[in-house]
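Residue 1 is where the sequence shown starts when you use UniProt numbering, and the numbers rise one by one after that.
Beta carbons are placed, not taken as given, at the ideal position from N, Cα and C, and that holds for glycine.
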Amino acid sequence: MSQFVGKWKGNKASRKNFEEYCKMTGVPEDLVEKYRNATTTIEYENEDENWTMTVISDAIPAPRVFKFKLGDECVSQDAQGQGIKFTAVINSDGSMVDSSSFERMGWKPTTTTRKVYGNKMNVETKTGDATMSYEMDK
């Protein structure tokens with residue numbers, strides 16, 4: 001679990017299937033453009049069973065802070081004020097898996113898998129037949 005703790009910066013050059021994923025999941029074009037050019041940092045903090053994930057991006061007006069416990073559903077809002085629900089778990093292989101759904105995507109089930117290899121985190125997000133992946137650097 002401790003491998004996730006710290007600040008992770010998104011590596012835009014490593015993105016695969018970003019455009020296709022956005023189109024297949026119905027992300028509005030203005031948001032696609034905003035996210036395409038964004039620099040995003042995610043910081044994970046962990047104290048006992050309590051986790052905090054802080055998302056900082058120049059694509060959103062203010063940092064988004066999500067507090068959760070592994071295995072418990074977290075209900076919140078995205079930067080546009082629409083609903084988000086997710087449940088995060090750590091699997092036996094050391095990966096963190098978020099099962100989520102987003103109001104702006106019609107509550108379609110989405111799975112994001114994060115795996116840490118040293119100072120790199122591989123991230124893969126799947127919604128239906130759409131898959132996007134990228135790396136984050138510590």
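Query	Result
Range covered by the beta strand (DSSP E) that runs through residue 124	120 to 127
Stretch pair the segment 23 to 34 + the segment 61 to 68: three plus CB contacts closer than 8 Å	no
Sequence ranges, alpha helix (DSSP H) only - wholly within the segment 13 to 38, length at least 4	18 to 24 and 29 to 36
Own chain partners of residue 108 with C-beta closer than 8 Å, once the 5 adjacent residues on each side are dropped	25, 101, 102, 127 and 128
Inter-residue spacing [alpha-carbon to alpha-carbon] between residue 50 and residue 73	13 Å
Within 9 Å, strictly: CB atoms of residue 60 and residue 10	no
6 Å CB neighbourhood of residue 198 in its chain, flanking five on each side removed	Past the boundaries of the shown model lies residue 198; the chain is included only from 1 to 138, so the question cannot be answered.
Nearest to residue 69 (by Cα), restricted to the options 77, 90 and 58	90
Spatial distance of residue 16 from residue 36 (CA atoms)	12 Å
N-terminal and C-terminal residue of the beta strand (DSSP E) that residue 50 is part of	50 to 57
Close beta carbons around residue 44, own chain, < 6 Å, minus the five adjacent residues each side	4, 5 and 53
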